[in-house]
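Residue numbers (my numbering), protein chains in the order written: chain A, 1187 to 1373; chain B, 1187 to 1373.
We treat Cβ as the ideally placed atom computed from N, Cα and C, and that holds for glycine.
One structure is given here, and the rest of the page talks about it.
Protein chains: 2
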Amino acid sequence: MEHLLKHIRQFYPLSNEVNMALVDCFEEKTFTKNDFLLKENQVCRNLYFLQQGALRGYYLLDGKEITHWFAFENAFVTSFHSFITGKPSVENLQFLEGSVLWSISKEKLEQLYNRYHEIERLVRIVYERYYILLEERYVNGHFKTAWERYRDLLHNAPHILERVPLGHVSSYLGITQETLSRVRKQH
Amino acid sequence: MEHLLKHIRQFYPLSNEVNMALVDCFEEKTFTKNDFLLKENQVCRNLYFLQQGALRGYYLLDGKEITHWFAFENAFVTSFHSFITGKPSVENLQFLEGSVLWSISKEKLEQLYNRYHEIERLVRIVYERYYILLEERYVNGHFKTAWERYRDLLHNAPHILERVPLGHVSSYLGITQETLSRVRKQH
DNA sequence: TTCATTTTTTGATAAATGTCAAATGGAAGA
DNA sequence: TCTTCCATTTGACATTTATCAAAAAATGAA
């Protein structure tokens, strides 16, 4: 839990009162490798903080799994589209490692919004940051060759390559596993 | 101004008092085609509401302009990375048509956040929506052929093809102008 | 360790897309 | 209308990447 509070402080420091209210709303969950946090067509009603472990989000395209994001320690995760809209998820969330999370329901989060302006500010700021991270990822993938994408990943997020099977990484980069394997060898 | 208030109501309806406070903080600006709202290396200190017209965001890669977004009537626009972080922009914002915007400074917006929880909620909700729109755009561009990207654009956002030169559209889709031209003819 | 399973690499070939150069088409202004 | 400028298309060719099949390597369980 201290991990979560520390993480939050980096975005927007909360008063003691609000910190305590927040702690009351989260519950701990643990999973093992290959477990699913969420499957396609389920509605994601919770926001999670990943304290320990690793997770991927993927969807099916022409029968193939396309991993479009990874998450590691100290990140907020959920199926954002489903969580925000209340519609069934198009993505699956699967653990890449045994993991520990803290979970809060959408209802409880909305109660917190209503009670504490501070929480709404915190979340506004978190969304801002997540928005620009996503934008960055979008731009970095645009108009790049297989080798450039691999090189950029190696530079910006080497932990992904260390902790995730290549098959998942290749779809994350938008290339086939064979191409990733070749490109990696040539350089 | 009524356009802006109406747009806001779709996200989160504000009380009269807050609506009035908001109106006081925005000022109108007009531009002609090809004008720049922002140039590379400038810090973007304002958030804009595009009431009428069209705008693109682009950056330079190997000397070529890469357009990575378009905006049309009834959208909030800014260089999000620069606006949020206060750092110089890597992108240029240029008008594709004569346009009318409403502008609010970051300082004034932050004053509004402090005074009105409602405004912070509104913006939190706007970020949520913009986040999932960006995510959707990210996923739609991933692992698609030139033809699929064109077809999807034609289906999801035909107005772009009607109002924007093909050269800008092609870089938006992550393909060359020649390929877009060919792919378009073949189908 | 050994076996079974999964992951990664390699090879041969096809398909898609990029590049460069030139031609065509269309729009706006003189 | 003519001219100029910019946008779009076309052609020839090179390059990159995908696809399919199989081999090799790595991993994990018995």
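Does the separation of the CB atoms of residue i and residue j fall below 8 Å?
| i | j | result |
| --- | --- | --- |
| residue 1258 (chain A) | residue 1219 (chain A) | no |
| residue 1292 (chain A) | residue 1262 (chain A) | no |
| residue 1288 (chain B) | residue 1190 (chain B) | yes |
| residue 1236 (chain A) | residue 1285 (chain A) | yes |
| residue 1306 (chain A) | residue 1303 (chain B) | yes |
| residue 1229 (chain B) | residue 1272 (chain B) | yes |
| residue 1217 (chain A) | residue 1290 (chain A) | no |
| residue 1320 (chain A) | residue 1317 (chain B) | yes |
| residue 1274 (chain A) | residue 1227 (chain A) | yes |
Grab me the residues of residue i's own chain with a C-beta within less than 6 Å of its C-beta, minus the 5 sequence neighbours each way, in chain order.
| i | result |
| --- | --- |
| residue 1223 (chain A) | 1279 |
| residue 1277 (chain B) | 1243, 1245 and 1265 |
| residue 1240 (chain A) | 1258, 1282, 1283 and 1349 |
| residue 1369 (chain B) | 1332, 1333 and 1336 |
| residue 1221 (chain B) | 1281 |
| residue 1255 (chain A) | 1243 |
| residue 1294 (chain A) | 1211 |
Given that a residue counts as buried once 16 or more other Cβ atoms are within 10 Å of its Cβ, and exposed if not, what is residue i?
| i | result |
| --- | --- |
| residue 1335 (chain B) | buried |
| residue 1310 (chain B) | buried |
| residue 1209 (chain B) | exposed |
| residue 1253 (chain B) | buried |
| residue 1264 (chain A) | buried |
| residue 1372 (chain B) | exposed |
| residue 1214 (chain B) | exposed |
| residue 1174 (chain B) | Outside the shown range of chain B (1187 to 1373) lies residue 1174 (chain B), about which nothing can therefore be said. |
| residue 1203 (chain A) | exposed |
| residue 1356 (chain A) | buried |
| residue 1249 (chain A) | exposed |
| residue 1354 (chain A) | buried |
| residue 1247 (chain A) | exposed |
| residue 1267 (chain A) | buried |
Taking 8 Å as the threshold (beta carbon to beta carbon), is residue i in contact with chain B?
| i | result |
| --- | --- |
| residue 1354 (chain A) | no |
| residue 1229 (chain A) | no |
| residue 1442 (chain A) | Lying outside 1187 to 1373, the shown extent of chain A, residue 1442 (chain A) is not represented and no answer is given. |
| residue 1266 (chain A) | yes |
| residue 1281 (chain A) | no |
| residue 1328 (chain A) | yes |
| residue 1364 (chain A) | no |
| residue 1320 (chain A) | yes |
| residue 1189 (chain A) | no |
| residue 1346 (chain A) | no |
| residue 1198 (chain A) | no |
| residue 1313 (chain A) | yes |
| residue 1373 (chain A) | no |
Chain A beta carbons: is any one of them nearer than 8 Å to that of residue i?
| i | result |
| --- | --- |
| residue 1360 (chain B) | yes |
| residue 1309 (chain B) | yes |
| residue 1290 (chain B) | no |
| residue 1247 (chain B) | yes |
| residue 1324 (chain B) | yes |
| residue 1299 (chain B) | yes |
| residue 1194 (chain B) | no |
| residue 1316 (chain B) | yes |
| residue 1341 (chain B) | no |
| residue 1306 (chain B) | yes |
| residue 1303 (chain B) | yes |
| residue 1336 (chain B) | no |
So, at 8 Å on beta carbons, what are the nonlocal neighbours of residue i in its own chain, with the 5 sequence-adjacent residues on each side left out?
| i | result |
| --- | --- |
| residue 1327 (chain A) | 1335, 1359 and 1360 |
| residue 1193 (chain A) | 1235 and 1260 |
| residue 1322 (chain A) | none |
| residue 1338 (chain B) | 1326 and 1330 |
| residue 1366 (chain B) | 1332, 1336, 1352, 1355, 1356 and 1359 |
| residue 1342 (chain A) | 1326 |
| residue 1345 (chain B) | 1258 |
With a threshold of 7 Å on Cβ separation, who are the neighbours of residue i within its own chain once the five nearest residues in sequence on each side are excluded?
| i | result |
| --- | --- |
| residue 1340 (chain B) | 1347 |
| residue 1198 (chain A) | 1307, 1308 and 1311 |
| residue 1188 (chain B) | none |
| residue 1363 (chain B) | 1352, 1353 and 1356 |
| residue 1251 (chain A) | 1244 and 1357 |
| residue 1238 (chain A) | 1259, 1285 and 1286 |
Please determine whether the Cβ atom of residue i lies at a distance below 7 Å from any heavy atom of the ligand NAP.
| i | result |
| --- | --- |
| residue 1250 (chain A) | Absent from the structure shown: the ligand NAP. Ligands present: none. |
Query raised in the report: Taking only runs of the beta strand (DSSP E) that begin and end inside the region 1267-1291 of chain B, which ones reach a length of at least 3 residues, in chain order?
Result: Here the runs fully enclosed are 1278-1281 and 1285-1291.
Requested in this report: Note down, one range per segment and in chain order, each alpha helix (DSSP H) of at least 4 residues found wholly within the region 1296-1334 of chain A.
Outcome: List check, alpha helix (DSSP H) in window: 1303-1327.
Requested in this report: Kindly provide the ranges of any beta strand (DSSP E) runs that are 3 or more residues long and lie completely inside the region 1193-1235 of chain B, ordered along the chain.
Outcome: Taken in chain order, the complete beta strand (DSSP E) segments of 3 residues or longer contained in the region 1193-1235 of chain B are 1213-1217 and 1222-1224.
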